[in-house]
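Here our numbering is used: position 77 in the sequence shown is 83, and no number is missing along the way.
Right, one structure below, let's go through it.
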Amino acid sequence: MKQKLTDICHPKQWKTIPVCKLRDQGYPVYGANGVIGRYHEYNHETPVIAIACRGASCGAINITVPKSYVTGNAMCLDDLQPDIDLTYLYYCLTHYNFQKVISGSAQPQITREGLNKVEVIVHSKNKQQEIVTILGHVDKVLWARQQQLTKLDELVKSR
Numbered sequence: 007m008k009q010k011l012t013d014i015c016h017p018k019q020w021k022t023i024p025v026c027k028l029r030d031q032g033y034p035v036y037g038a039n040g041v042i043g044r045y046h047e048y049n050h051e052t053p054v055i056a057i058a059c060r061g062a063s064c065g066a067i068n069i070t071v072p073k074s075y076v077t078g079n080a081m082c083l084d085d086l087q088p089d090i091d092l093t094y095l096y097y098c099l100t101h102y103n104f105q106k107v108i109s110g111s112a113q114p115q116i117t118r119e120g121l122n123k124v125e126v127i128v129h130s131k132n133k134q135q136e137i138v139t140i141l142g143h144v145d146k147v148l149w150a151r152q153q154q155l156t157k158l159d160e161l162v163k164s165r
């Protein structure tokens, strides 16, 4: 069954930390492109999906680690319903065409209103977990193949 993304979670943008306040130590800070630094406090106790919502990386998806801070350059999918598997939703969103919901003329952006248009197929929790297991195996194979290609490239360049 298809459900609106905003019916299964609450997208929220948190306060952005100025770059000058980022540190080398502390909790990971996520911006639009993943971890951008560290900070002395966090705004998420548990992992959360963060969707890049500003600039060229609009629509990039990350799952944060526990005890992390997500800035306003990413939209957090907070308060995920308990019948939704976080990793399942991650896989759904990594295959969603966010171009449909990107707005902004000077700078691309994704807004909460735009996320109201996003629909995901919601299966039973057991089915979601089966899908996650299968896709997890596929990801491992792809990662291993990429490592092999990298080593092959290094070998070719060394000759």
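From the three backbone atoms N, C-alpha and C, an ideal C-beta is built for every residue, glycine too.
query: Opposing strand residues paired with Gly120 [DSSP bridges]; result: Partner(s): none; Gly120 has no beta bridge.
query: Through-space distance from Val147 to Glu160, alpha-carbon basis; result: 20 Å
query: Anticipated Cβ contact below 8 Å, Arg172 with Gln113, distance rounded; result: Summary: the structure shown does not reach residue 172, with the chain confined to residues 7 through 165, and so no result is reported for it.
query: Three or more C-beta pairs below 8 Å linking the stretch 76-83 and the stretch 15-25; result: yes
query: At least 3 beta-carbon pairs within less than 8 Å: the stretch 24-42 vs the stretch 67-75; result: yes
query: Simplified DSSP assignment, three categories, for Arg29; result: strand
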